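In this note's numbering, the protein residues as written are 244 to 552.
Using N, Cα and C, we set each Cβ at its ideal position, and we do this for glycine too.
Keep in mind that this is a model prediction, so the values were computed, not measured.
Here the structure is laid out as structure tokens; the discussion comes afterwards.
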Amino acid sequence: MCGIVGLFLKDKALEPKLGEMLTAMLITMTDRGPDSAGIAIYGTETKGRAKMTVQSDTPDTAFVGLDKALTKVVGGTVKMTVKSTHAVLDIPEGTAPTVRAALAGIDASIRVMSRGSSLEIYKEVGLPKDVAERFGIAKMSGTHGIGHTRMATESAVTTMGAHPYNTGDDQCLVHNGSLSNHNNLRRTLRREGILIETENDTEVGAAYITWQMQNGATLGEALTSSLDDLDGFFTFVVGTKDGLGVVRDPIACKPAVMAETDQYVAFGSEYRALVNLPGIENARVWEPEPATVYFWNHDTSPTSSEKAA
244 MCGIVGLFLK DKALEPKLGE MLTAMLITMT DRGPDSAGIA IYGTETKGRA
294 KMTVQSDTPD TAFVGLDKAL TKVVGGTVKM TVKSTHAVLD IPEGTAPTVR
344 AALAGIDASI RVMSRGSSLE IYKEVGLPKD VAERFGIAKM SGTHGIGHTR
394 MATESAVTTM GAHPYNTGDD QCLVHNGSLS NHNNLRRTLR REGILIETEN
444 DTEVGAAYIT WQMQNGATLG EALTSSLDDL DGFFTFVVGT KDGLGVVRDP
494 IACKPAVMAE TDQYVAFGSE YRALVNLPGI ENARVWEPEP ATVYFWNHDT
544 SPTSSEKAA
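In structure tokens, the structure reads:
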């Protein structure tokens, strides 16, 4: 049992409150998973620059001089903002592979949480309230985001075992359920060159979506393919640079509820995660159907949803 939330904003006036709203939604889901928590925020991007969020259990030493060391490696300025055990690296666009390789040489204990032009992921062991406070999530702005509070069933309670998982640029996934064919699929995806760092089944789900999209699928097409290729019980909420997607397996035994207004689309494992959103009393509220893909995209239609059976 885990708790999932997601929020896709249509109304730009709400963007400064994204972190605050997501945090409140996730805290409401605390009793569904007290082991660890994480939130992904899609915020501002800067032309010619990219972001990489990293984590260390010893930030007081691991992050000292890290920006300067990486600047020498990539041949362009690297800026760093430290937030507790995480740091956001502002790097030249296109240098993420070089930076990742350099980090392994500088300090192998530094872990990459996310990469992309707008995505930042913060996750740690602990309750949602404590994790959100540690990183100041409530003060963050953005266009959309997803969150997860975990009750561990498939792997150890660690930072790397927490959701969301980022396996492609500006793409991340949270999951409630259990995949039964993740071991075989992990081997297949690794042979295809997809980086998978843990034994967690959720990371395999995220990597599968990345693989599909790298081979030309849209988010909706990738989620539709997952219904045939992934075995087990799952509710996925996926974030990309421009959109948010939701899919439940054909049995759909994991709870889920959605709400849509002219201002936002929201997802929660339970309705109580949504009750304090603005205008919720006038929202269209529904339970996502089994084996059905829902996705919203800022580029194609910022005021409506698309559904594919």
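### Message
Given a cut-off of 7 Å on the beta-carbon distance, is the pair residue 324 and residue 302 in contact?
### Response
no
### Message
Taking the beta strand (DSSP E) that residue 349 belongs to, which residues open and close that run?
### Response
Careful: residue 349 lies outside any beta strand (DSSP E), inside the alpha helix (DSSP H) at 339-349.
### Query
For the region 454-468 against the region 255-263, are there 3 or more C-beta pairs whose distance is under 8 Å?
no
### Query
So what does DSSP say about residue 511, is it helix, strand or coil?
Looking at residue 511 - three-state DSSP - the assignment turns out to be strand.
### Task
Specify the secondary structure class of residue 456 as computed by DSSP and reduced to three states.
Helix at residue 456.
### Message
Excluding the 5 residues flanking residue 545 on each side, which residues of the same chain have their C-beta closer than 7 Å to its C-beta?
### Response
Confidence in residue 545 is poor, its pLDDT being 41 and thus under 50, which makes the residue's placement too unreliable to answer from.
### Query
Who are the Cβ neighbours of residue 399 in its own chain at under 6 Å, not counting the five residues just before and after it?
none
### Reduced DSSP secondary structure (H/G/I, E/B, other) of residue 489
Here residue 489 sits in strand by DSSP.
### Message
Strictly by DSSP, which residues pair up with residue 333?
### Response
294, 322
#### Entry: Reference residue 284, options 542, 308, 409, 440, closest by Cα
409
#### Entry: Sub-7 Å separation of residue 359 and residue 412 beta-carbons
yes
### Query
Would you call the region 292-301 and the region 336-352 touching, i.e. three or more CB-CB distances under 8 Å?
yes
### Message
Less than 7 Å between C-beta atoms, sequence neighbours within five positions excluded: which residues of the same chain meet that for residue 444?
### Response
397, 421, 422, 425
### Task
Name, in chain order, the residues that DSSP records as bridge partners for residue 251.
387, 508
### Query
According to DSSP, is residue 264 helix, strand or coil?
Of the three classes helix, strand and coil, the one that applies to residue 264 here is helix, per DSSP.
### Query
Is the region 367-378 touching the region 269-286 in the sense that three or more CB pairs, one from each, lie closer than 8 Å?
Because the criterion of three Cβ pairs below 8 Å is met, the region 269-286 and the region 367-378 touch.
### Message
One question on the structure: do residue 392 and residue 273 come within less than 7 Å of each other, judged by their Cβ atoms?
### Response
yes
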